[in-house]
Amino acid sequence: MPNVSERPRTYKKPALEEVDPITNYIPASVRDKFDERQMARFKKLRKFVEFECLPLDTVYLHESTLFEHENDLESCPVIMSLRKKLEGYQLHKMFVPMDQRGYDSGFNDKWEVVNMVEFAMIAYLVGRSVIASYLFNLDDLIGLGTIQVLLRNGCSNHDLWVQLVDELVANSIKSCIMVSEKDVAGSDTLNIQTTCTINGDEMNEDSTMVLNGTKWFIKDAMESEIWLVLCVTEPDEGNIYRRHTLCLINRNDVPPNSTKIEPIQINEGIGKFYQVQFKSCTVPLTIIGERGEGYQILQTKSSITRLFQCLKLCGMGQESLRLSNKRAGERKVFGSKLQKSETFKFDLAHWTIKIETCKLLCFNAAIKCDFEGVKAAREEIGMVKAVTPKEISSLVDWSIQLHGCYGLCSTQTPLSHMWQVSRSLRINDTPDESLFSQLGRLEISNYNKFQKTYDQELISLAGK
Ligand SMILES: Cc1cc2nc3c(=O)[nH]c(=O)nc-3n(C[C@H](O)[C@H](O)[C@H](O)COP(=O)(O)OP(=O)(O)OC[C@H]3O[C@@H](n4cnc5c(N)ncnc54)[C@H](O)[C@@H]3O)c2cc1C
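Numbering-wise (UniProt numbering), the sequence shown opens with residue 1 and increments by one.
1. Would you say residue 59 touches ligand 1, meaning its beta carbon is less than 7 Å from a heavy atom?
2. Let's test the definition: count the other Cβ atoms within 10 Å of the Cβ of residue 92 and tell me whether it reaches 16, buried, or not, exposed.
3. Does at least one heavy atom of ligand 1 sit under 7 Å from the Cβ of residue 263?
4. Please state if the CB of residue 233 and the CB of residue 258 are separated by a distance shorter than 8 Å.
5. Can you tell me which of the three DSSP states residue 208 falls into?
6. Does the beta carbon of residue 213 fall short of 7 Å from some heavy atom of ligand 1?
7. Where do the ends of the beta strand (DSSP E) carrying residue 295 lie?
8. Spell out whether any CB of chain C is found under 8 Å from the CB atom of residue 161.
9. In angstroms with no decimal places, state the Cα-to-Cα distance between residue 450 and residue 64.
10. Straight-line CA distance for residue 380 to residue 387?
11. Let me confirm a value: residue 149 is counted as buried when at least 16 other C-beta atoms fall within 10 Å, else exposed. Which label applies?
12. Identify whether residue 98 lies in helix, strand or coil by the three-state DSSP scheme.
13. Within the present structure, is the beta-carbon of residue 217 separated from the nearest heavy atom of ligand 1 by less than 7 Å?
14. When DSSP labels each residue in this structure, what does residue 115 get in the three-state scheme?
15. Under the criterion of a Cβ to heavy atom distance below 7 Å, does residue 429 qualify as lining ligand 1?
16. So is the beta-carbon of residue 386 under 7 Å away from any non-hydrogen atom of ligand 1?
17. Please report the residue range of the beta strand (DSSP E) in which residue 92 lies.
18. Mapping the DSSP letters down to three states, classify residue 249 as helix, strand or coil.
19. For my contact list, residue 82 and residue 135 are in at a C-beta cut-off of 8 Å; report their separation, rounded to the angstrom.
20. According to DSSP, is residue 418 part of a helix, a strand, or is it coil?
21. Under a three-way DSSP split, which group does residue 427 fall into?
22. Report the partner residues of residue 262 according to the DSSP bridge assignment.
23. How long is the line joining the alpha carbons of residue 466 and residue 383, rounded to whole angstroms?
24. Only counting the same chain, and skipping five residues up and downstream in sequence, which positions put a Cβ closer than 6 Å to that of residue 111?
25. Out of curiosity, what's the CA-to-CA distance linking residue 288 and residue 244?
26. Which stretch, first to last residue, makes up the alpha helix (DSSP H) that contains residue 362?
27. Is residue 440 close to ligand 1? I mean its beta-carbon at under 7 Å from any heavy atom of the ligand.
28. In chain order, which continuous runs of the alpha helix (DSSP H) of length 4 or greater are located wholly inside the region 375-406?
29. Would you grab the beta carbon distance between residue 181 and residue 227 for me? Rounded to a whole angstrom, and I think it's under 8 Å.
30. For residue 198 and residue 86, which I take to be in contact (beta-carbon distance under 8 Å), what is that distance rounded to the nearest angstrom?
31. Would you check if there are 3 or more beta carbon pairs closer than 8 Å linking the region 311-324 to the region 127-142?
32. Is residue 185 near ligand 1, judged by its Cβ being under 7 Å from some heavy atom?
33. Report the CB separation of residue 224 from residue 251 in whole angstroms; it is logged as a contact under 8 Å.
34. Do residue 403 and residue 411 have their C-beta atoms within less than 8 Å of each other?
35. Quick check: is any heavy atom of ligand 1 less than 7 Å from the C-beta of residue 179?
36. Measuring only from the beta carbon, is residue 422 closer than 7 Å to any heavy atom that is part of ligand 1?
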């Protein structure tokens, strides 16, 4: 047996400057999914986020409070300067994720369709910075959702569809999605009561739809030109999953006095919310997809947007961990640096593992979407949705604790903003409990199917 010092060295540890930091961000199991062109894009993106955006996050959070509404954010000095820089980095085209349906739009001079795993990596890198999330539209769960809904399902008015997709991608119009209602539990979308009576068919330009009911907690209803409203259109349909249709309303078409929009008073910084009452509101007939498909369309939309929001949260968690490490290296308590305490080391290891776990779950779901489609990946996406916001909001909570009052109250760190974003995702769209319950149901049905196959296999083996 040769002496240790005489054994051939098979691995030479590279010097720090030889390692591109991007490699540290991409899980080893995913690296072979990216080609050179994609890697080059990630490198540019990482540089843009780390050198241009992260140092400006707190400036942005301060400036954005001075503006009345999100629509005005484009005129924040810090946003204007970064939009110019984005062109220099050649990152100004918007990225639109798509699974193996491989959508070819013809608008590609303004935006680029990327596969799900590439967008997953983009969302993770961008998620580290608050300002980058805004610049790459990852803050706008609804905008991203509307684009997905339109691209995947088309709409009964093709010309309007082309115009809307174009304008939404260019960020020149806003949209809102109206599902929740005050009187019924939003956790179960099948409960909704707003009705839409359809007069005529989609081929006829003069056909109309008449809406009645009240939607609640609708983000940006007043500020949006486009409303997507989930309504009951087929009340007599036996299959409860086929009773709803997603109706598209252009706000300019809404007759005066047929809707009442009232703001809902909420804490500053979350956005603007409204209650919208439809009173025999008669508008041109425009629906997304087919009649009765509304529930399924929204489920798929929610899977896609939530997956990428979760990747954004993983990036956010990574940044919160970096800030905590920095703080613990600087702050002395009772005579020694926080970094030296055993509790800190334990917590740091704990949260590092949690982020990596969430990240791997997310990438696994994105890869399955690419190969088998979003529907086939619903179990994997279900896991991501249930676990990531919970873990990342607890991680940010820990970071705030570690920073003391500096983290909790001051706007000199983005931590309290991060907490609000991650915490609200545990209620928004579908609350945690409902997600766990859905996943549990899916697991029971999988168990029953697998058990049946297993029993059949056993019988046929016994017969041989
Ligand atoms: C920031 C934010 C933005 C929003 N934006 C919009 C928007 O733009 N458009 C829109 O339509 N809506 C929007 N909503 C509303 C959101 O969709 C609903 O809040 C959500 O669907 C939950 O519905 P709910 O509030 O009626 O809660 P409920 O359905 O009443 O649920 C209340 C609680 O019950 C518990 N619960 C639910 N299901 C189960 C279960 N299966 N088992 C055990 N416990 C359970 C959970 O703790 C849950 O939090 C937004 C909400 C937030 C917080």
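The beta carbon of each residue, even a glycine, is placed where N, CA and C say it ideally should be.
Treat the numbers as computed from the prediction; the structure is a model and nothing was measured.
The structure says:
1. The answer is no for residue 59.
2. Exposed: under 16 other Cβ atoms inside 10 Å.
3. Because no heavy atom of ligand 1 lies under 7 Å away, the Cβ of residue 263 does not count as near it: no.
4. The answer is no: Cβ separation not under 8 Å.
5. DSSP places residue 208 in strand when its eight states are reduced to three.
6. Remark: the shortest separation between the CB of residue 213 and any heavy atom of ligand 1 does not fall under 7 Å.
7. Per DSSP, residue 295 lies in no beta strand (DSSP E) segment; the continuous alpha helix (DSSP H) that holds it begins and ends at 294-330.
8. Going by chain labels, chain C is absent from the structure shown, which holds only one protein chain.
9. The alpha-carbon of residue 450 is positioned some 52 Å away from that of residue 64.
10. Going by the C-alpha atoms only, they are around 11 Å apart.
11. That one is buried.
12. Three-state result, residue 98: strand.
13. Within the cutoff, so yes.
14. Strand.
15. Residue 429 Cβ: within cutoff of ligand 1.
16. No, since every heavy atom of ligand 1 falls outside the 7 Å radius drawn around the Cβ of residue 386.
17. Looking at the DSSP string, residue 92 is not in any beta strand (DSSP E), and its letter there is neither H nor E.
18. Residue 249: strand per DSSP, three-state reduction.
19. Taking the Cβ atoms as the reference, residue 82 lies roughly 6 Å from residue 135, within the contact range of under 8 Å.
20. Taken through DSSP and simplified to helix, strand or coil, residue 418 comes out as helix.
21. Correct three-state label for residue 427: coil.
22. Bridge partners of residue 262: 275.
23. Since the first and last residues shown for the chain are 1 and 464, residue 466 lies out of range.
24. Same-chain partners within the cutoff: 93, 94, 96, 169.
25. So the two alpha carbons sit approximately 11 Å from each other.
26. First-last of the alpha helix (DSSP H) with residue 362: 342-372.
27. No, the beta carbon of residue 440 sits no closer than 7 Å to any heavy atom of ligand 1.
28. Listed in chain order, the complete alpha helix (DSSP H) runs (minimum 4 residues) inside the region 375-406 are 378-403.
29. Between residue 227 and residue 181 the Cβ distance is about 15 Å, and since that is not below 8 Å, they are no contact.
30. Under the criterion of beta carbons closer than 8 Å, residue 198 and residue 86 do not qualify as touching, at roughly 43 Å.
31. These segments touch.
32. Taking the Cβ of residue 185 as the reference point, at least one heavy atom of ligand 1 falls within a distance shorter than 7 Å.
33. Confirmed, Cβ separation roughly 7 Å.
34. In this structure, residue 403 sits away from residue 411, with a CB-CB distance that is not shorter than 8 Å.
35. For residue 179, the shortest C-beta to heavy atom distance toward ligand 1 is below 7 Å.
36. Not under cutoff, so the answer is no.
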